[in-house]
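Take a look at the structure below.
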Amino acid sequence: MFELKNKQASVRIDKGELVGYVLDGLEFIHQKGSPGWGSTDTEMFPIIGPVDQANFRVSTPKGEAIQDQHGLLRQFDYELISQSETSAVFLKKYKAGTEIKNSKYPEKSTEPLMSWPYDFQFEKSYQLMETGLEVTFKITGETDMPFMLGYHPAFKLHSESPIIVANNKEITLDEVLAVGSRALQVPDCISITLKDEKEITINTEGFGNFMCWTEVRNMVCIEPITFYPYAVDQQNLNQGFQEVGEESVFKVVLTPKS
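Note that the numbering used here has the sequence shown beginning at 969, numbered continuously upward.
Pasting the structure below:
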């Protein structure tokens, strides 16, 4: 684990995972061990959503791929490529057809191994700025490789009645809780503000949508996504794919209000 620091804030990163973001003594990121979720952030790639009702298969132009909920990227480790006082770059490389162990097996899945029929590289970089934290994702892969991308950060809640503001509409924590495990859809949205003890705004480039999830009152996940997976039956999840260009770049900027 290491820290990025400037005069305003500090960011803690553990094996590529954002595990802390403190500004003026206030922690914005959900902490492991607290109720709600065992992680603090992760990526959903190359699919978003569950596939148990589709026998853990997803259709691609190269045939069916064996996947589990939110894809195989999260099932193997990042490599640290570079690091400075205010930045860090991590990379995952995948060779087509490589079998990856599924941590959900056997308790929550019938598939012990996952695989994807395309080569790809997935870069995640952090840049701590005076105004906030920029997280950039760069995807390179085979021409026309299909994919979805979601970023899954969890925010610590400090007050009893936080409000999520999206497209000039307010969403209460109770509304997110009521949707349950499916996650509340926030379509056609590039920026969300979480108003809690302090405010933090999540601005995005490339995603176009959000979904919000929690099952407890002490944290909420505000997730930029390229596709809302519950818009289709699991057997038709491939309808949510887009294709990799020469380099597909997505950005998330977390801007706290001090």
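The C-beta atom is built at its ideal place from N, Cα and C for all residues, glycine as well.
Figure out for me which residue from GLY1001, THR1008, GLN976, PRO1003 has the closest Cα to the Cα of GLY988. Position 20 of the sequence shown, counting from 1, holds the residue named residue 988. Selected option, being the one with the closest Cα: THR1008.
Within this structure, are the beta carbons of THR1066 and GLN1089 separated by less than 8 angstroms? Residue 1066 sits at position 98 when you count from the first residue of the sequence shown. Residue 1089 sits at position 121 when you count from the first residue of the sequence shown. No, they are not a contact pair.
Grab the span of the beta strand (DSSP E) containing VAL990 for me, first residue to last. As a working note, residue 990 is residue 22 in the sequence shown. VAL990 -> beta strand (DSSP E) spans 985-991.
Could you tell me whether the region 1049-1057 touches the region 1127-1144, using the rule of 3 or more Cβ pairs below 8 angstroms? no
Answer yes or no: do THR1194 and PHE1178 have a C-beta to C-beta separation smaller than 8 angstroms? Numbered from its first residue, the sequence shown carries residue 1194 at position 226. Numbered from its first residue, the sequence shown carries residue 1178 at position 210. In this structure, PHE1178 does not lie closer than 8 angstroms to THR1194 by Cβ.
Please look up how many angstroms separate the CB atoms of ILE981 and PHE970, rounded, as I've assumed it's under 8 angstroms. For the purposes of this step, residue 981 is identified with residue 13 of the sequence shown, where counting begins at 1. For the purposes of this step, residue 970 is identified with residue 2 of the sequence shown, where counting begins at 1. Sure, about 6 angstroms apart at Cβ, within 8 angstroms.
Could you check whether GLU1079 and ILE1016 sit closer than 8 angstroms to each other, using their CB atoms as the reference points? On the sequence shown, position 48 is the one that residue 1016 refers to. On the sequence shown, position 111 is the one that residue 1079 refers to. Cβ atoms of ILE1016 and GLU1079: not closer than 8 angstroms.
Pull up the distance between the alpha-carbon of LYS973 and that of LEU1096, whole angstroms please. On the sequence shown, position 5 is the one that residue 973 refers to. On the sequence shown, position 128 is the one that residue 1096 refers to. Each residue's Cα considered, the two are about 7 angstroms apart.
State the DSSP-derived secondary structure class of PRO1018, mapped to helix, strand or coil. On the sequence shown, position 50 is the one that residue 1018 refers to. DSSP places PRO1018 in coil when its eight states are reduced to three.
According to DSSP, residues forming a beta bridge with GLY1176: Counting from 1 along the sequence shown, the entry for residue 1176 is found at position 208. Answer by DSSP bridge pairing: none, since GLY1176 is not bridged.
Taking the Cβ atom as the reference point for each residue, do ILE1228 and CYS1180 lie within a distance shorter than 8 angstroms? There is simply no residue 1228 to check, as the chain begins at 969 and stops at 1226 in what is shown.
Measuring only the C-alpha atoms, how far is GLY1213 from THR1111? Taking the sequence shown and counting its residues from 1, one reaches residue 1213 at position 245. Taking the sequence shown and counting its residues from 1, one reaches residue 1111 at position 143. Distance between the alpha carbons of GLY1213 and THR1111: 7 angstroms.
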